[in-house]
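Right, one structure below, let's go through it.
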Amino acid sequence: MVSKIRKNSNWIVLALIVIIIYKGVENYHWIFENINLLVSILIPFFWGFAIAYILNPLMVKLETKLKMKRFFSMTICYLIFFGVIALFIIIVTPIIMKNLFDIIEKLPDYIQGLQIWFNETLLRLSLVERLNLQEYIQSNIAEISTMLLEFMNLTINGLLVRVIGITSGLLKFIVGIIVSIYILIEKEKFGVAMNKFILAMSGEKRYDKVMNFFSLCNQVFSNFIIGKSIDSFIIGLICFAGMKLLGAPYATLLSVIVGVTNMIPYFGPFIGAIPAILITLFISPIKALWVAIFILVLQQVDGNIIGPKILGDKVGISPFYIILSILIGGGFFGMLGMLFAVPTFKIVSILLGRYLDARIEKQRALDIVSGE
Numbered sequence: 092m093v094s095k096i097r098k099n100s101n102w103i104v105l106a107l108i109v110i111i112i113y114k115g116v117e118n119y120h121w122i123f124e125n126i127n128l129l130v131s132i133l134i135p136f137f138w139g140f141a142i143a144y145i146l147n148p149l150m151v152k153l154e155t156k157l158k159m160k161r162f163f164s165m166t167i168c169y170l171i172f173f174g175v176i177a178l179f180i181i182i183v184t185p186i187i188m189k190n191l192f193d194i195i196e197k198l199p200d201y202i203q204g205l206q207i208w209f210n211e212t213l214l215r216l217s218l219v220e221r222l223n224l225q226e227y228i229q230s231n232i233a234e235i236s237t238m239l240l241e242f243m244n245l246t247i248n249g250l251l252v253r254v255i256g257i258t259s260g261l262l263k264f265i266v267g268i269i270v271s272i273y274i275l276i277e278k279e280k281f282g283v284a285m286n287k288f289i290l291a292m293s294g295e296k297r298y299d300k301v302m303n304f305f306s307l308c309n310q311v312f313s314n315f316i317i318g319k320s321i322d323s324f325i326i327g328l329i330c331f332a333g334m335k336l337l338g339a340p341y342a343t344l345l346s347v348i349v350g351v352t353n354m355i356p357y358f359g360p361f362i363g364a365i366p367a368i369l370i371t372l373f374i375s376p377i378k379a380l381w382v383a384i385f386i387l388v389l390q391q392v393d394g395n396i397i398g399p400k401i402l403g404d405k406v407g408i409s410p411f412y413i414i415l416s417i418l419i420g421g422g423f424f425g426m427l428g429m430l431f432a433v434p435t436f437k438i439v440s441i442l443l444g445r446y447l448d449a450r451i452e453k454q455r456a457l458d459i460v461s462g463e
C-alpha cells in the first residue's frame, strides 16, 4: 500500500513538473518581462555588491597592515573611488564627448576629403582610366556617405532618447554606492549569515565543497579582472602617448576605445583597432596606416611583455580554449559574455579537472581492491 502511494506521488510530482514547464513555455514572454523587471529593481544591489567587492581588498589591507579602524579605512577607500570617478567625469568625459560631436559634425567633410584623396591616388597610378573606376568609386563613396550620415543621425537620436535612461541609471548607481557602504560596514554579519544559509542548504557533508567553490570563483575572477584592468589602463596610457606622438586626431577617444576593448583577450585588440583606424582614415589615410602599425606593435608588446608581467599565469588555459570560450560567451551574452568568458571557463576547467582526478583515484582504488 505504502509503495503504491509513493509510486502514485512520484507520478503526480512528474505531472506537476510537466504542467509547470508547459505553462512556462506558453507564457515565456510574461516570465521574461517579470525577470527583467526584477533585475531592474535589483540593479542598485548589484552595483552595491560590485563596489564593495572592488573596495574590500584595499580596505582589508589598510585594516590588517596599517591597523586602521573601519571608519578610516572605508573613508580612504571611498575617497580614492570618488577621486577616480571625478577625474574621469571632469577631465576625460568632456574630451570624449567633444571628440564624438566633432566627428559627427565634420563627417561629410571627412568623407569628401577621403574621396578626393582616393581619386588622386588612383589618377597617379593611372588606374582610373584603365579600369573605369571613377564612376564606380563616386557612386559607392556617396552610398557609404549616406549610410554613415544616417547612422550618425540615429546615434544622436538614440543619445537624446537615452538621456532619461542615463539619469535613471545614475540614480541606481548612487543607491548602489549607499548599499555598498552598508555592506562594508557589516560585512562580517553578512558573511556569518551567508555561511549559515549555505550550511543550511548544502548540509555539513557538502559545505566544504560549496565554500571551496565560492573561494575558487573569488580567486579566479578577482585575479583576472584586477590584472586585466591594470593591463588595459597601462595600454590606454601608452596608446594615448603614441597617438599624440603620431599626431593622430581624437587621441583621447581612440585611447579609451583601445584600453576598454583590451579587457577582452585576443578579440579585444582587434575590436578596438577597427574604430581607431576607421576614424583616422577619414582624416588622413597615411596616418591611419601609422595608427594601424602602432596598435599592432602595441598589442604585440602587451601580449608578450606587459600582459604576462602583470597577469602571470592567472589565465592558465590554452589559446584555443580562450578563443572558444570568448566565442561562446559573446554569442550568448554579448560584450559582457566575452569579458567574463575566460575566468568562467577557467573555473569550469578546474572543477572538471578535480572531478576527473577524483574519478581516476576512485577507479584505481576499485582496481586495487578487485585485484586483491
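Per the working numbering, residue 92 is the first one in the sequence shown, and the count goes up by one each step. Note that CB positions come from ideal geometry on N, CA and C, so glycine has one too.
Go ahead and pull the three-state DSSP assignment for residue i.
| i | result |
| --- | --- |
| L157 | coil |
| E279 | helix |
| A339 | coil |
| S409 | coil |
| L457 | helix |
| R221 | Only weak support exists for where R221 lies, its pLDDT of 48 falling under 50; the coordinates are left without a value. |
| I355 | coil |
| F140 | helix |
| L105 | helix |
| V93 | Residue placement at V93 is poorly supported in this model, since its pLDDT is 48, which falls under 50; the coordinates are not used for a value here. |
Would you kindly report the start and end of the unbroken alpha helix (DSSP H) that includes residue i?
| i | result |
| --- | --- |
| F373 | 358-374 |
| A342 | 342-352 |
Going by alpha carbons, who is nearest to residue i out of the options?
| i | options | result |
| --- | --- | --- |
| Q206 | P376, L447, P410 | P376 |
| S271 | I348, F137, K152 | F137 |
| T352 | L372, M334, Q390, A379 | Q390 |
| S320 | G398, D200, I274 | G398 |
| W381 | I348, I362, C330, G359 | C330 |
| F304 | G394, S440, R455 | S440 |
| K160 | I276, I103, I195 | I276 |
| N314 | V433, M165, R450 | V433 |
| G333 | G350, I317, G318 | G350 |
| N309 | K287, M292, I145 | I145 |
| D322 | A143, I386, I396 | I396 |
| D200 | F361, I111, L170, L372 | L372 |
| K335 | S409, K378, L307 | K378 |
| K263 | T435, I134, K453 | I134 |
| G282 | M302, V266, G294 | M302 |
| L427 | A367, D393, A456, G359 | G359 |
| A464 | F361, F163, M354, I368 | Residue 464 cannot be examined here, being either before or after the span of the chain that is shown, 92 to 463. |
| L387 | I370, A364, L430, S409 | A364 |
| P410 | K437, L457, F385, V392 | K437 |
| P356 | I316, Y341, S346, L345 | I316 |
Using a Cβ-Cβ distance cut-off of 7 angstroms, determine whether residue i contacts chain C.
| i | result |
| --- | --- |
| E196 | In the structure shown, chain C does not exist; there is a single protein chain. |
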